[in-house]
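Residue numbers (this note's numbering): 25 to 117.
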């Protein structure tokens, strides 16, 4: 069995990355499987993420992040009037 990386290690374990991203280790494994996680290396059964690669990945995610269209839509158009909902019970009778 390998010893866990120390505090000064240039690598993060799956648990450490999950703690950093405030998620679960399972979510990290799934993201890695889908190709939506930083590049990692395996040492036996342990998956290690180089800290430099994690920081590069996070910076890329921040650069690719665009504001939501929904957040700007309400400022550019007037609100549409809502149509009253049809009551299903009276429509079937």
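Ideal Cβ positions, reconstructed from N, Cα and C, are used throughout, including at glycine.
| Asked | Found |
| --- | --- |
| Please name the residue or residues paired with residue 71 in a DSSP beta bridge. | 66 |
| Sort out for me which residues DSSP pairs residue 36 with in a bridge. | 73 |
| Expressed to the nearest angstrom, what Euclidean distance is found between the alpha-carbon atoms of residue 104 and residue 66? | 54 Å |
| At the level of alpha carbons, what is the spacing between residue 38 and residue 32? | 16 Å |
| Just mark residue 52 as buried or exposed, buried being the case when its beta carbon has 16 or more other beta carbons within 10 Å. | buried |
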